[in-house]
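If you're matching positions, the sequence shown starts at 2 in this note's numbering and goes up one per residue.
Here a beta-carbon is modelled for each residue, glycine too, at the ideal position from N, C-alpha and C.
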Amino acid sequence: MNIGIDVDEVLVEHLDAFLDYHNYTYGTKIQKKDMFSYSFEKVIGETEQDTRKKLLHFFKTDFFHNMKPIAGAREAIALLAKEHQLSAITARPSVLLEQTEQLIATQFPYFSNITLTNQWHGVGKKISKSEVCIEKKITIMVDDSLTHAMDCASRGIHVLLADFGYPWNQTPELPENIKRVHSWKQIVDEVERYGRSNRTGKTKKV
Ligand SMILES: [Mg+2]
């Protein structure tokens, strides 16, 4: 199968790195559990422009360059890559292309391609994750964002919604083609299960 995989909060702890940067630089004490929204400006109560400025500075710091992989992600990606084609699909701004390619090449050297959809704090052309999924014939998309999950699910893509204790993607109900998952082990299991049931479905039709 072709599997699409988001980068921030799915492969790497981007938010932890940003909060460390912010708490260190501005003397705040914001924790991940406070992030009821992934839009930082909403959580802290500032303008989008203020947050954008902070992010652009953060991208140049060691906090950004030394962000840690999510627990179990490296092993799981290596395992999935044995049987599937993996595409990294991230909403990161285009200015982070080089850093993102370097991150994937060094920490997760198993991806066939990387796409930045430029959807947050980015100037220039934006593309939705579902459009990328359609173009790359993605069967399963793994993402922590409810917005991207709903976007992809609405185009018939099976979505695994990464929830590693993430307040920002909570919701009372999910469409049937979005499955909430709580660990990389569960993601690997769900991919296998989906692959099996898909094969069975095809056999039955023949
Ligand atoms: Mg993400």
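- Taken atom to atom, the span from the alpha-carbon of G73 to that of K137 is near 25 Å.
- In terms of Cα proximity to V189, the closest of V8, E76, V13 and Y25 is E76.
- About 14 Å separates the CB atoms of H23 and M68; that is not less than 8 Å, and the two are not in contact.
- By DSSP's assignment, V13 forms a beta bridge with D9 and P70.
- One alpha carbon belongs to F60, the other to P94, and they sit about 11 Å apart.
- Going by DSSP, H149 is part of the alpha helix (DSSP H) stretching over L147 to A154.
- Counted as a single uninterrupted DSSP element, the beta strand (DSSP E) harbouring I179 occupies residues I179 to V182.
- In this structure, D9 has its beta carbon less than 6 Å from a heavy atom of ligand 1.
- DSSP, read as helix, strand or coil, puts L56 in helix.
- Not one heavy atom of ligand 1 lies closer than 6 Å to the C-beta of D190.
- Secondary structure at S129: coil, using DSSP grouped into helix, strand and coil.
- Three or more Cβ pairs closer than 8 Å define a contact, and the stretch 115-129 meets that threshold against the stretch 79-94.
- Taking each of F41, V143 and D152 in turn and checking the Cα distance to D164, the smallest one comes out for V143.
- D152 has its CB no nearer than 6 Å to any heavy atom of ligand 1.
- In terms of side-chain proximity, the C-beta atom of D145 is found nearer than 6 Å to a non-hydrogen atom of ligand 1.
- In this structure, the CA atom of L98 is about 34 Å from the CA atom of E174.
- Under a 10 Å Cβ-count criterion, D7 is classified as buried, with 16 or more other Cβ atoms of the shown protein chains found around its own Cβ.
- Membership of A106 in the alpha helix (DSSP H) is indicated by the continuous run L98 to Q108.
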